[in-house]
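Inspection log for the structure reproduced underneath, given as structure tokens.
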Amino acid sequence: MLTFARWKYFAILVVLVVSVLYALPNAYPQDPSVQISAARSGSTQIDAALAKRAADLLAQAKIPTKSVQVEDQGNLMVRLSDTEQQTRAADLLRPQLGSDYVVALSLAPTVPGWLEALGAKPMPRGLDLQGGVHFVMQVDQAAALNKRLEAYVEDVRATLRDSAVPYTSVVRRGNEAIVATLAGNADADKAQKQLRTAFPTLTQDLEGRTLTLNIPQSELQRISLDAIEQNLTTLRNRINAFGVAEPVIQRQGTDRVVIQLPGLQDTAEAKRQIGATATLEFRAVVGDEAAAAAAVRDRNVPPEARVYYNEAKQPLLLSKRLLVSGDQLVNAIPGNDQQGQPSVSITLNAIGGQRMLNHTLENVGKRLGIVYVEQIPVTEIVDGKEVRTTRTEERVISSSRIQGVFGKDFQTTGLSRDEANSLAKQLKSGALAAPMTFVEERVVGPSLGADNVKRGTTAVLYSFVFALTFFLIYYRMFGLITCLALLLNLLMVVALMSMIGATMSLPGFAGLALSVGMSVDANVLINERIREELRAGVPPQAAIASGYDKASGTIFDSNMTALLAGLALLAFGTGPLQGFAMTMIIGILTSVFTAVTVSRGIATLIYGNRRKLKSIAI
1 MLTFARWKYF AILVVLVVSV LYALPNAYPQ DPSVQISAAR SGSTQIDAAL AKRAADLLAQ
61 AKIPTKSVQV EDQGNLMVRL SDTEQQTRAA DLLRPQLGSD YVVALSLAPT VPGWLEALGA
121 KPMPRGLDLQ GGVHFVMQVD QAAALNKRLE AYVEDVRATL RDSAVPYTSV VRRGNEAIVA
181 TLAGNADADK AQKQLRTAFP TLTQDLEGRT LTLNIPQSEL QRISLDAIEQ NLTTLRNRIN
241 AFGVAEPVIQ RQGTDRVVIQ LPGLQDTAEA KRQIGATATL EFRAVVGDEA AAAAAVRDRN
301 VPPEARVYYN EAKQPLLLSK RLLVSGDQLV NAIPGNDQQG QPSVSITLNA IGGQRMLNHT
361 LENVGKRLGI VYVEQIPVTE IVDGKEVRTT RTEERVISSS RIQGVFGKDF QTTGLSRDEA
421 NSLAKQLKSG ALAAPMTFVE ERVVGPSLGA DNVKRGTTAV LYSFVFALTF FLIYYRMFGL
481 ITCLALLLNL LMVVALMSMI GATMSLPGFA GLALSVGMSV DANVLINERI REELRAGVPP
541 QAAIASGYDK ASGTIFDSNM TALLAGLALL AFGTGPLQGF AMTMIIGILT SVFTAVTVSR
601 GIATLIYGNR RKLKSIAI
């Protein structure tokens with residue numbers, strides 16, 4: 001007998017409603033927009049006055065706008081009707097607003113608030129569908145090597161000092177070795193033992209009082225590879241913190257990194273997000289303000305010190321010896337100090353915490369300088385050619401006295417609220433192990449992305465229409481049932497991808513078309529099983545029930561085989577393969593549900609209550 005539980009109808013209804021709600025945001029197009037943000041945190045205000053100024057400039061140039069308003073993220077968003085007006089508006093506003101603001105092309109969502117309140121949002125689209133920016137960055141391996149070897153030198157000094165082994169100097173000899181000259185009363189055997197424990201990968205040579213730590217070639221290669229991997233991790237953390245949907249950050253060759261940021265349409269904005277870096281350095285203060293002023297005036301800076309400047313442009317002498325650097329920071333959380341002023345709570349790793357503990361134990365009452373260091377990308381025109389460099393800005397944000405002993409956990413103050421939030425975000429993402437330069441950049445325009453979307457949608461639509469036409473002609477009423485199941489299948493795929501935030505790309509469209517074909521295959525198996533039962537003389541209702549029961553096992557087995565292939569592509573593939581695999585996997589899962597459950601429910605609804613049913617349209 002042909003039966004179908006009522007709770008299953010209720011489940012199908014719930015799935016239908018949820019699918020419609022969460023697929024609906026994809027029907028709302030994005031507005032071509034111009035996003036205006038502050039070039040540096042805390043330097044300028046994004047407020048109603050700026051919005052009025054931008055609106056007046058656009059009105060004078062007769063550029064129509066949909067809206068000009070400050071968004072929740074603290075950016076000014078100018079929404080326009082098309083990409084041509086978007087480009088005109090950006091070209092007009094950039095020179096008018098000046099270098100205090102970053103004017104970037106963007107795509108703003110238009111999803112209604114009630115849908116957003118339900119958590120419904122459109123699928124993120126890849127670079128090939130939405131447009132965006134594509135960069136290739138090169139890692140300065142020489143700088144990475146130099147930075148790591150300088151750290152080795154400092155670590156050798158700290159190891160000898162902590163082991164109570166006196167020395168006269170510790171210096172580098174190129175990239176080959178670190179040479180430590182021990183004092184006359186030093187225990188050379190103890191020094192070798194301690195350094196061998198601290199640096200097991202380095203070999204040692206002792207000649208008289210000179211202990212040489214040789215750096216093997218394998219260690220140099222490891223340093224270079226580690227620099228690239230750390231930069232990859234740092235870039236991923238930093239870009240994810242900025243909220244760019246589905247970025248692509250992957251290694252290319254031995255010293256390059258490919259970055260793709262869908263949705264961004266301006267290289268200046270992207271560079272600001274991934275190129276500018278900030279960190280902190282902790283150095284001991286040498287002398288007082290009067291000594292620093294005299295050293296600058298007389299040009300007589302002590303050899304162990306260097307001149308820095310604070311927010312008030314007053315000079316300070318800080319030790320050249322770096323106590324703790326940014327790559328030893330584990331965590332950074334913005335907050336307030338006891339006086340309610342902006343602060344950043346900092347946690348150091350074990351090595352940094354031990355150094356800070358040792359320093360504060362011996363220097364209570366003395367001052368500790370905290371230097372804010374920011375690397376800013378700069379593009380200059382030299383002899384008619386564009387030259388990309390970085391400018392380092394350093395300023396002392398604090399030079400307070402050490403009131404007590406502390407180690408790996410402490411607070412730093414002296415920043416504005418925006419600077420504290422920005423610094424905490426960048427410190428948390430990690431420090432770059434080596435400088436990186438932009439060697440290639442290009443913009444994929446939204447018009448090209450829109451053309452790809454149109455072509456992909458057309459391809460899926462035609463595959464869908466061909467399948468429906470065949471089913472309606474060949475299977476008649478059961479062809480109509482199959483068409484309804486296929487429509488729900490397509491709706492469920494779009495809804496699920498939107499709910500989990502899976503990125504749709506051109507390979508994803510191919511996976512979507514394939515999932516339609518696999519759903520067709522499942523329905524063909526069911527319909528042919530029913531026809532076989534009818535040819536064997538089985539009554540129509542029994543033939544329908546038997547056809548679904550016998551085909552279900554075959555459908556499950558065949559789809560699970562394809563699912564395993566999709567999982568392998570998702571696990572071991574990259575980029576386009578993963579986009580294809582994700583869509584295919586979701587399509588397989590939904591097609592099994594719609595072919596076996598939904599179509600059977602519809603068939604039961606049509607034929608289940610007919611007691612004198614003699615034939616069916618199949």
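Under this note's numbering, the residues of the sequence shown are numbered 1 to 618, in order. Quick reminder that beta carbons are idealized off the backbone N, C-alpha and C, glycines included. These numbers come from a predicted model, not from an experiment.
field: Residue(s) in a DSSP beta bridge with residue 308
entry: On the sequence shown, residue 308 is found 308 positions in, with the first residue counted as 1. 316.
message: Between which residues of its own chain and residue 547 is the CB-CB distance below 7 Å, once the five residues before and five after are set aside?
response: By 1-based counting over the sequence shown, the position of residue 547 is 547. Answer for residue 547: 526, 529, 530, 533, listed in chain order.
- request: Counting only the same chain and skipping the five closest in sequence on each side, list residues whose C-beta sits under 6 Å from that of residue 219.
  value: As a working note, residue 219 is residue 219 in the sequence shown. By the criterion of a C-beta distance shorter than 6 Å, residue 219 is surrounded in its chain by 201, once the five residues flanking it on both sides are discounted.
message: I'd like the list of long-range same chain contacts for residue 606, defined as Cβ closer than 8 Å, with 5 residues on each side in sequence excluded.
response: What you label residue 606 is simply residue 606 of the sequence shown in a count that begins at 1. Answer for residue 606: 477, 481, listed in chain order.
- request: With distances taken Cα to Cα, identify the nearest neighbour of residue 258 among 341, 134, 412.
  value: For the purposes of this step, residue 258 is taken as the residue at position 258 of the sequence shown. The candidate whose alpha carbon is nearest that of residue 258 is 134.
- prompt: DSSP on residue 84, reduced to helix/strand/coil?
  reply: As a first step, residue 84 must be located in the sequence shown, where it is residue number 84. Residue 84 falls in the helix class under three-state DSSP.
field: Closest by C-alpha distance to residue 502, when choosing among 584, 46, 84, 440
entry: The sequence position of residue 502 within the sequence shown is 502, counting from 1. The candidate whose alpha carbon is nearest that of residue 502 is 584.
query: So what's residue 592 in DSSP terms, helix, strand or just coil?
result: Position 592 of the sequence shown, counted from the start, is the residue given in the question as residue 592. Three-state DSSP puts residue 592 in a helix.
- prompt: Closest to residue 17 by CA distance: which of 120, 339, 521 is it?
  reply: As a position in the sequence shown, residue 17 is number 17, starting the count at 1. Per the Cα distances, 120.
- request: Could you tell me which of 458, 457, 484 sits nearest to residue 468, measuring between CA atoms?
  value: Within the sequence shown, residue 468 is the residue found at index 468, counting from 1. Out of 458, 457, 484, 484 has the C-alpha closest to the C-alpha of residue 468.
task: Could you check if residue 515 is buried or exposed, using at least 16 other CB atoms within 10 Å of its CB as the buried criterion?
output: Against the sequence shown, residue 515 aligns to sequence position 515. Buried is the call here.
message: On the DSSP letters alone, give me the boundaries of the beta strand (DSSP E) that residue 101 sits inside.
response: Residue 101 sits at position 101 when you count from the first residue of the sequence shown. Where residue 101 is concerned, the enclosing beta strand (DSSP E) stretches over 101–108.
- request: Pick helix, strand or coil for residue 341, following the three-state DSSP scheme.
  value: Taking the first residue of the sequence shown as 1, we reach residue 341 at position 341. Residue 341 falls in the coil class under three-state DSSP.
query: For residue 368, which option in 282, 353, 539, 452 has the closest C-alpha, if you only look at C-alpha atoms?
result: Position 368 of the sequence shown, counting from 1, holds the residue named residue 368. Here the closest residue by C-alpha is 282.
- prompt: Do the CB positions of residue 562 and residue 504 come within less than 8 Å of each other?
  reply: The residue labelled residue 562 in the question sits at position 562 within the sequence shown. The residue labelled residue 504 in the question sits at position 504 within the sequence shown. Their beta carbons are not under 8 Å apart, which means residue 562 does not touch residue 504 by this criterion.
- prompt: Any C-beta of chain D sitting closer than 8 Å to the C-beta of residue 79?
  reply: Structure shown: chain D not included; a single protein chain is present.
query: By how many angstroms is the C-alpha of residue 204 removed from the C-alpha of residue 104?
result: In the sequence shown, the residue the question calls residue 104 occupies position 104. In the sequence shown, the residue the question calls residue 204 occupies position 204. Distance between the alpha carbons of residue 104 and residue 204 is about 55 Å.
message: Taking only three categories from DSSP, how would you classify residue 403?
response: The residue you call residue 403 lines up with position 403 of the sequence shown. Of the three classes helix, strand and coil, the one that applies to residue 403 here is coil, per DSSP.
task: Give every residue of the same chain whose Cβ lies closer than 8 Å to the Cβ of residue 439, excluding the five residues on either side of it in the sequence, and list them in chain order.
output: On the sequence shown, residue 439 is found 439 positions in, with the first residue counted as 1. The residues are 136, 137, 138, 256.
Option in 25, 163, 128 with minimal Cα separation from residue 260: Reading the sequence shown from its first residue, position 260 is the one you call residue 260. Taking only the C-alpha atoms, the option nearest residue 260 is 128.
query: With C-beta atoms as the reference, is residue 176 less than 8 Å away from residue 215?
result: The count along the sequence shown starts at 1 and reaches residue 176 at position 176. The count along the sequence shown starts at 1 and reaches residue 215 at position 215. For residue 176 and residue 215, yes; Cβs fall inside 8 Å.
message: To the nearest angstrom, how far is the alpha carbon of residue 233 from that of residue 225?
response: The count along the sequence shown starts at 1 and reaches residue 233 at position 233. The count along the sequence shown starts at 1 and reaches residue 225 at position 225. Cα to Cα, the separation comes out at about 13 Å.
message: Could you compute how far the alpha carbon of residue 65 sits from the alpha carbon of residue 479?
response: Residue mapping note: residue 65 aligns to position 65 of the sequence shown, counting from 1. Residue mapping note: residue 479 aligns to position 479 of the sequence shown, counting from 1. Rounded to whole angstroms, residue 65 to residue 479 spans 48 Å at the Cα level.
- request: Any chance you could list the beta strand (DSSP E) runs of at least 3 consecutive residues sitting entirely within the region 146–198, in chain order?
  value: 167–173, 177–182
message: In the DSSP assignment, the beta strand (DSSP E) including residue 597 goes from what residue to what residue?
response: As a working note, residue 597 is residue 597 in the sequence shown. Per DSSP, residue 597 belongs to no beta strand (DSSP E) and is neither H nor E.
message: Please state the DSSP three-state secondary structure of residue 260.
response: For this step, residue 260 is matched to residue 260 along the sequence shown. Residue 260: strand per DSSP, three-state reduction.
query: Do the CB positions of residue 123 and residue 498 come within less than 8 Å of each other?
result: For the purposes of this step, residue 123 is taken as the residue at position 123 of the sequence shown. For the purposes of this step, residue 498 is taken as the residue at position 498 of the sequence shown. Yes. Within cutoff.
task: Could you work out which residue in 457, 475, 614 is closest to residue 494 when comparing CA atoms only?
output: Position 494 of the sequence shown, counted from the first residue, corresponds to residue 494. Closest by alpha carbon: 457.
task: Please name the residue, chosen from 305, 96, 28, 30, that lies closest to residue 57 on a Cα-to-Cα basis.
output: The residue given as residue 57 occupies position 57 in the sequence shown. Ranking 305, 96, 28, 30 by Cα distance to residue 57 puts 96 first.
message: In this structure, how does DSSP classify residue 363 when only helix, strand and coil are distinguished?
response: Taking the sequence shown and counting its residues from 1, the one referred to as residue 363 is at position 363. The answer is coil: DSSP assigns residue 363 none of H, G, I, E or B.
- prompt: Should the region 351–361 be called in touch with the region 316–331, which here means at least 3 C-beta pairs below 8 Å?
  reply: Contact between the region 351–361 and the region 316–331 is present, with at least three C-beta pairs closer than 8 Å.
field: residue 156 beta carbon less than 8 Å from that of residue 213
entry: As a first step, residue 213 must be located in the sequence shown, where it is residue number 213. As a first step, residue 156 must be located in the sequence shown, where it is residue number 156. Closer than 8 Å, so yes.
message: Between the alpha carbons of residue 292 and residue 401, how many angstroms are there, rounded?
response: Residue mapping note: residue 292 aligns to position 292 of the sequence shown, counting from 1. Residue mapping note: residue 401 aligns to position 401 of the sequence shown, counting from 1. In this structure, the alpha-carbon of residue 292 lies about 17 Å from that of residue 401.
field: Counted within 10 angstroms of its Cβ, other Cβ atoms place residue 560 as buried (16 or more) or exposed
entry: As a first step, residue 560 is located in the sequence shown; it is residue number 560 there, counting from the start. Result: exposed.
task: Can you give me the Cβ contacts of residue 405 inside the same chain, cut-off strictly under 8 Å, excluding the 5 residues immediately before and after it?
output: Start at 1 with the first residue of the sequence shown, and residue 405 comes out as number 405. Correct list, in chain order: 357, 360, 361, 364.
task: Go ahead and label residue 599 buried or exposed: buried means 16 or more other beta carbons lie within 10 angstroms of its beta carbon, across all protein chains shown.
output: On the sequence shown, position 599 is the one that residue 599 refers to. It is buried - the Cβ of residue 599 has at least 16 other Cβ atoms within 10 Å.
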